[in-house]
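Read through the structure below, which is laid out as structure tokens, and then see the notes.
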Amino acid sequence: MPSLVLNKYSSIDEKEKRKMKRESGEKTYPIWLLVNPKHPAVRHNIWSPVLAEIQDRVFKEMHMRIDSTNIYVRNAVEDSDIVPKTLNWWGPEVASEIESFREIAFQYKPKILITFGAFTYEFMRRVYEIKPEKGPKSWGTTKLGNEFGRSIQNFDINKTNCIPLLRRVIESGKFIVDPDSLGENYFQYVGTKIADKIIENKDRFNIWVG
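Mapped onto the working numbering, the consecutive letters of the sequence shown carry residue numbers 21 to 230.
In structure tokens, the structure reads:
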């Protein structure tokens, strides 16, 4: 009996832990990150070097830095087991998660919503009802790179700008998407592009520290 009781409360504790780990930061912060819970390392492997490039650009241009303490980070789904696979793409559990995220995204209206890889990008597209809906094979590296360029080109501070990043970058970091990026690695390229949009709209971002 004691072991049954222990197992019962252990499972509750694990569930609470998952909820606690699901999100961090403040929803009122204008920059959000949407993460696939199967790949939490993107926060360190992708976002950290991108943020470093953003901070470097901002400091050179403005002699200020972004207070990144409260950036809102959220797992797209609570349970990583329901992340869609090729054969069961977008089950009802994921549809429910899309509705939940849509509610908070429409309520808080972040200026920038950054996704990582194919799943979170398509998840975001469905949140904002962008058609046509696509499957897991649709968003490869090249297409996500093209979507990144389009998101920067069409950046509009008066709406939520959905900016897709890759989930994984080759060791060298090389990722050439246009001739102007020659000599830059992926982190430099996307970090600079994002930073420039933030700098252009600096008066609309209450995120600065001296």
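For glycine and all other residues, C-beta sits at the position ideal for the given N, C-alpha and C.
How many angstroms separate the CA atom of Glu117 from the CA atom of Pro50? Position 97 of the sequence shown holds residue 117. Position 30 of the sequence shown holds residue 50. For Glu117 and Pro50, the distance between alpha carbons rounds to 21 angstroms.
What are the boundary residues of the beta strand (DSSP E) that includes Leu186? Here residue 186 refers to the residue found at position 166 of the sequence shown. Note, Leu186: premise wrong, no beta strand (DSSP E); not H, not E.
If you draw a straight line from the C-alpha of Asn95 to the C-alpha of Val62, how long is it? Locating residue 95 in the sequence shown gives position 75, where the first residue counts as 1. Locating residue 62 in the sequence shown gives position 42, where the first residue counts as 1. In a straight line, the C-alpha of Asn95 is about 11 angstroms away from that of Val62.
Quick one: using the 10 Å Cβ neighbour count with 16 as the cut-off for buried, is Ile150 buried or exposed? As a first step, residue 150 must be located in the sequence shown, where it is residue number 130. Exposed, by the Cβ-count rule.
Please list, in chain order, all residues of the same chain as Pro199 whose beta carbon is under 6 angstroms from its beta carbon, the five residues on each side excluded. Position 179 of the sequence shown, counting from 1, holds the residue named residue 199. Its pLDDT being 39, under 50, Pro199 is placed unreliably by the model, and the measurement read from it follows with that caveat. Counting only Cβ-Cβ distances below 6 angstroms, and skipping sequence neighbours, we find nothing.
Which of helix, strand or coil does DSSP assign to Thr162? The sequence position of residue 162 within the sequence shown is 142, counting from 1. In this structure, Thr162 counts as helix in the three-state DSSP scheme.
Can you tell me the Cα-Cα spacing of Leu53 and Asn181, whole angstroms? Residue 53 sits at position 33 when you count from the first residue of the sequence shown. Residue 181 sits at position 161 when you count from the first residue of the sequence shown. Taking the straight line from one Cα to the other gives about 12 angstroms.
Considering only DSSP beta bridges, list what Ser44 is partnered with. Numbered from 1 along the sequence shown, position 24 holds the residue referred to as residue 44. Answer is Val93.
Which value, in whole angstroms, describes the spacing of the CA atoms of Asn205 and Asn166? Translated into positions along the sequence shown, residue 205 becomes position 185. Translated into positions along the sequence shown, residue 166 becomes position 146. One C-alpha to the other measures close to 16 angstroms.
Spatial distance of Lys58 from Val93 (CA atoms): Position 38 of the sequence shown, counting from 1, holds the residue named residue 58. Position 73 of the sequence shown, counting from 1, holds the residue named residue 93. Rounded to whole angstroms, Lys58 to Val93 spans 14 angstroms at the Cα level.
Quick check on this structure: which residue in Asp101, Met84 and Phe136 has the alpha carbon closest to the alpha carbon of Ser68? Looking up residue 68 in the sequence shown gives position 48. Residue Phe136 is the option with its Cα nearest to Ser68.
Taking the beta strand (DSSP E) that Thr140 falls in, what are its first and last residues? Numbered from its first residue, the sequence shown carries residue 140 at position 120. Segment Gly137 to Val147 is the alpha helix (DSSP H) holding Thr140; no beta strand (DSSP E) there.
Do Val210 and Val70 count as a contact pair if the criterion is CB distance below 8 angstroms? Within the sequence shown, the letter at position 50 stands for residue 70. Within the sequence shown, the letter at position 190 stands for residue 210. Yes, the Cβ-Cβ distance between Val70 and Val210 is below 8 angstroms.
Spatial neighbours of Ser171 within its chain, please: CB distance less than 8 angstroms, with the 5 preceding and 5 following residues excluded, ordered by chain position. The residue given as residue 171 occupies position 151 in the sequence shown. Only Asn181, Cys182, Ile183 and Pro184 meet the Cβ criterion.
Closest residue to Lys217 among Ile74, Asn65, Glu43 and His64 (Cα-Cα distance): Position 197 of the sequence shown, counted from the start, is the residue given in the question as residue 217. Of Ile74, Asn65, Glu43 and His64, the residue nearest in Cα terms is Ile74.
Kindly indicate the opening and closing residues of the alpha helix (DSSP H) around Val70. For the purposes of this step, residue 70 is taken as the residue at position 50 of the sequence shown. Unbroken alpha helix (DSSP H) run through Val70: Ser68 to Met82.
DSSP three-state call for Val114: helix, strand or coil? Reading the sequence shown from its first residue, position 94 is the one you call residue 114. In this structure, Val114 counts as helix in the three-state DSSP scheme.
Can you tell which of Ile132, Ser120 and Asn65 has the C-alpha that lies nearest to the C-alpha of Ile91? Counted from its first residue, the sequence shown places residue 91 at position 71. When only C-alpha atoms are compared, the closest one is Ile132.
Any heavy atom of the ligand PLP closer than 7 angstroms to the Cβ of Asp76? The model depicted lacks the ligand PLP and carries no ligand whatsoever.
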